[in-house]
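Last residue of the sequence shown: 708 in the working numbering, with the numbers rising by one and none dropped.
Note that beta-carbon positions come from the ideal geometry of N, C-alpha and C, so glycine has one too.
These numbers were taken from a predicted model, which means no experiment stands behind them.
Have a look at the structure below before the remarks.
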Amino acid sequence: MTKNAELAAWVEQVAALTQPERIQWCDGSDAENASLIDLMLAQGDLLRLNPETHPNCFLHRSDPKDVARVEHLTFVCTEDAEDAGPNNNWLAPAEAHAKVDPLFEGCMRGRTMYVVPYLMGPYGSPYARAGVEVTDSPYVVANMRIMARIGTRALEHIEAGNSFVRGLHSTGDLDPERRFIMHFPDELLIMSIGSGYGGNALLGKKCHALRIASAQARREGWLAEHMLILGIESPAGETRYIAAAFPSACGKTNLAMLVPPAEFAGWKVWTVGDDIAWMHLAEDGQLWAINPEAGFFGVAPGTSLKTNPNCMNTLGRNAIYTNVAVTEDLQPWWEGIDGDKPAVLIDWQGRPHDPDNGPAAHPNARFTVAASQCPSFSPQGEAPQGVPISAIVFGGRRSSVAPLVFEALDWSHGVFAGAAMASETTAAATGKVGQVRRDPMAMKPFCGYNFGDYWAHWLGFGTRSAKLPRIFHVNWFRKDADGKFIWPGFGDNMRVMAWILARCDGKAEAIKTPIGFVPEPSDLKLDGLDLDRKAIQDLLSIDPQVWQQEVDQIEEYFASFGSRLPQGLRDQVARIKAALEAQLAA
Ligand code: SAT
Ligand code: MN
Numbered sequence: 123m124t125k126n127a128e129l130a131a132w133v134e135q136v137a138a139l140t141q142p143e144r145i146q147w148c149d150g151s152d153a154e155n156a157s158l159i160d161l162m163l164a165q166g167d168l169l170r171l172n173p174e175t176h177p178n179c180f181l182h183r184s185d186p187k188d189v190a191r192v193e194h195l196t197f198v199c200t201e202d203a204e205d206a207g208p209n210n211n212w213l214a215p216a217e218a219h220a221k222v223d224p225l226f227e228g229c230m231r232g233r234t235m236y237v238v239p240y241l242m243g244p245y246g247s248p249y250a251r252a253g254v255e256v257t258d259s260p261y262v263v264a265n266m267r268i269m270a271r272i273g274t275r276a277l278e279h280i281e282a283g284n285s286f287v288r289g290l291h292s293t294g295d296l297d298p299e300r301r302f303i304m305h306f307p308d309e310l311l312i313m314s315i316g317s318g319y320g321g322n323a324l325l326g327k328k329c330h331a332l333r334i335a336s337a338q339a340r341r342e343g344w345l346a347e348h349m350l351i352l353g354i355e356s357p358a359g360e361t362r363y364i365a366a367a368f369p370s371a372c373g374k375t376n377l378a379m380l381v382p383p384a385e386f387a388g389w390k391v392w393t394v395g396d397d398i399a400w401m402h403l404a405e406d407g408q409l410w411a412i413n414p415e416a417g418f419f420g421v422a423p424g425t426s427l428k429t430n431p432n433c434m435n436t437l438g439r440n441a442i443y444t445n446v447a448v449t450e451d452l453q454p455w456w457e458g459i460d461g462d463k464p465a466v467l468i469d470w471q472g473r474p475h476d477p478d479n480g481p482a483a484h485p486n487a488r489f490t491v492a493a494s495q496c497p498s499f500s501p502q503g504e505a506p507q508g509v510p511i512s513a514i515v516f517g518g519r520r521s522s523v524a525p526l527v528f529e530a531l532d533w534s535h536g537v538f539a540g541a542a543m544a545s546e547t548t549a550a551a552t553g554k555v556g557q558v559r560r561d562p563m564a565m566k567p568f569c570g571y572n573f574g575d576y577w578a579h580w581l582g583f584g585t586r587s588a589k590l591p592r593i594f595h596v597n598w599f600r601k602d603a604d605g606k607f608i609w610p611g612f613g614d615n616m617r618v619m620a621w622i623l624a625r626c627d628g629k630a631e632a633i634k635t636p637i638g639f640v641p642e643p644s645d646l647k648l649d650g651l652d653l654d655r656k657a658i659q660d661l662l663s664i665d666p667q668v669w670q671q672e673v674d675q676i677e678e679y680f681a682s683f684g685s686r687l688p689q690g691l692r693d694q695v696a697r698i699k700a701a702l703e704a705q706l707a708a
């Protein structure tokens, strides 16, 4: 129950629509969580994993047809289609309500309706924002409890008079034909039905903290971004912070928890967040970032002590695993985990593992775990004011074209580099894997308004402060002629991060090219790395002819935004084209 009349009225209205058997207001307590877990164990929604090796850990197997975000069923509902832009599926709000409201009629009959007040951002942060998710899924409540700050304190924040986003969620009948994720930015409302999975159902995450928040951020002059946040502490004890945008399942969690290689003795990486950053220009002219989330919802396959030891040491207790495989003695297992593949495995659908059925764990299998359990969790991870950002890094998954790293010439060019990002698709969304698509700022699935207006908003920061972060672009995924990754990645990405920070301090060299400042091999600390000179040169090379084609494709993509494309980006296209031509003529 609540003292907030608006919230009380909305919950009443939702109950009248969905007809739950009972209503439970969630306080976020341990006792409440324990009873939800017991309920799910009894109903078979959760399986207790080996309590000796994985205390308080559980496995959830989702419906096999409900394993990833569904971008084609995700809509932004604004009065004017142009405001949602070609980057979103659009419906007019009245039309969207007519489509989705009837699906909620009586959908919670015989079920409990959970009312989950939540806060995105640290308690006491001026940048934190509240929401209330109403859901019929105890799995969603248990995950929201890890990913956000739920319960009494969040409700108090709302009752103190702060605005809140309303999120109505029901698993419905899980029929993909009746699955929709609808956003109504003008109503601060999200309606999601037919999926119990991650970004479709944990409404505080992508729906609120990115789609709704990005639209709010534009109106209010800040940025809500699909970025990890990390701190890098030098041997002298000075910590600088970097925010980095990569598409889903491209290594954000690994970079956020990086362990530097032996050649970087005395350096330490601190994790602030692995997925979302809310950034505000503070009075000191710097961009300060908070992580609105409280947990990690990371991709399990490929995670190991070799690729991400901090993550492996975060897992293993108080975690919910979704769609992983299990060993005979009920330990979680996935492709790429340490050790030999056990002879006997139960796959993610609960069947004895047969390689003919595909991998044992679903490629988008996930873990949900509290950030505070991470050994590298930053002492500033809950700081109300956030952390000051020295560098912004954009990165895609490109087998060719994009070099290992470059620095943008200035802020506007950096916005261009982000807007021009492209990446090969991954298993985080349903659809074909490995297709190159434009994914500006890694926000293609998450920007809640027209990308043209979004880029104009980004460009606008250029005149608001002289102390903005420098902008970089990286690509860990370049392949050689045999299709093998050239760069070792993971901990060795520290070598690139060190160059980035040295550039911010004016202490590292680079060559100016048409696409930005690129290091020479000698500018990077590469000792101890088993890479020949030719490979490094390939990684850092920029082929002007290939880039001419790339810029043509970028220009074509930009043109799809018509008159909403800001002049600042047209200017960048023209400048780069001229510079490439001059280089080829020389
Ligand atoms: O399922 S989520 O959207 O939360 C994960 C992701 O795709 O980044
Ligand atoms: Mn993400």
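Across the structure, residue 308 and residue 297 are spaced so that their CA atoms are roughly 28 angstroms apart. Distance from the CA of residue 127 to the CA of residue 280, rounded to the nearest whole angstrom, comes to 11 angstroms.
Judged by beta-carbon spacing, residue 433 lies within the 7 angstroms limit of residue 425, meaning their Cβ atoms are closer than that value.
Residue nearest to residue 124 within the set 151, 705 and 278 is 278 (criterion: CA-CA distance). Note on residue 407: under 16 other CB atoms within 10 angstroms of its CB, so exposed under the neighbour-count rule. Contact between residue 513 and residue 622 holds, since their C-beta atoms are separated by about 5 angstroms, short of 8 angstroms.
Between ligand 2 and residue 426, a heavy atom-to-CB distance of less than 6 angstroms is absent.
If you check the CB distance, residue 411 and residue 401 come in under 7 angstroms. Judged by DSSP secondary structure, residue 607 falls outside any beta strand (DSSP E); it is assigned neither H nor E.
Assigned with DSSP and collapsed to three states, residue 135 falls in helix. Every unbroken stretch of the beta strand (DSSP E) spanning 3 or more residues and falling wholly within the stretch 542 to 580 is given here in chain order: 544 to 546 and 558 to 560.
Secondary structure in the stretch 278 to 329: the beta strand (DSSP E) runs of 3 residues or longer, each lying completely within the stretch, are 286 to 292, 302 to 306 and 311 to 315 in chain order. Burial state of residue 420 is buried, judged by a 10 Å Cβ sphere holding 16 or more other Cβ atoms.
Secondary structure at residue 168: coil, using DSSP grouped into helix, strand and coil.
Counting along the chain, no alpha helix (DSSP H) covers residue 402; the unbroken beta strand (DSSP E) around it starts and ends at 399 to 403. A distance below 6 angstroms between beta-carbons, with the five flanking residues on each side excluded, links residue 237 to the following residues of its chain, in chain order: 133, 147 and 256.
Relative to ligand 1, even the nearest heavy atom lies 6 angstroms or more away from the CB of residue 418. Secondary structure at residue 146: strand, using DSSP grouped into helix, strand and coil.
In the displayed model, residue 269 falls within a helix according to three-state DSSP. Look at residue 420 here: in three-state DSSP terms it is strand. Distances from the CB of residue 370 to the heavy atoms of ligand 2 include at least one below 6 angstroms. Within the same chain, and ignoring the five residues on either side of residue 706 in sequence, the residues whose Cβ sits closer than 6 angstroms to its Cβ are 666.
Put simply, the stretch 354 to 366 does not touch the stretch 313 to 327. Fewer than three CB pairs are less than 8 angstroms apart. Annotation for residue 664: 525, 635, 637 and 640 place their beta carbon closer than 7 angstroms to its own, counting only its chain and skipping 5 residues before and after. In its chain, beyond the 5 residues on either side, 385 have a beta carbon closer than 6 angstroms to the beta carbon of residue 650. Within the same chain, Cβ atoms closer than 7 angstroms to the Cβ of residue 245 are found at 271 and 275, the five residues on either side in sequence being excluded. Taking all protein chains shown into account, residue 646 has 16 or more neighbouring C-beta atoms within 10 Å of its C-beta and is therefore buried. Look at residue 191: its beta carbon is less than 6 angstroms from one of the heavy atoms in ligand 1.
Each of 212, 165, 149 and 143 was checked against the Cα of residue 569, and the nearest Cα belongs to 212.
Here the C-alpha atom of residue 698 lies approximately 40 angstroms from the C-alpha atom of residue 312.
With contacts defined by Cβ atoms closer than 7 angstroms, residue 688 and residue 581 form a contacting pair. C-alpha of residue 370 to C-alpha of residue 564: approximately 8 angstroms in a straight line. Annotation for residue 230: no alpha helix (DSSP H) segment contains it, and DSSP assigns it neither H nor E. A Cβ-Cβ distance of about 5 angstroms is found for the pair residue 260 and residue 162, placing them in contact under the 8 angstroms criterion.
Between residue 616 and residue 498, the CB-CB gap reaches or exceeds 7 angstroms.
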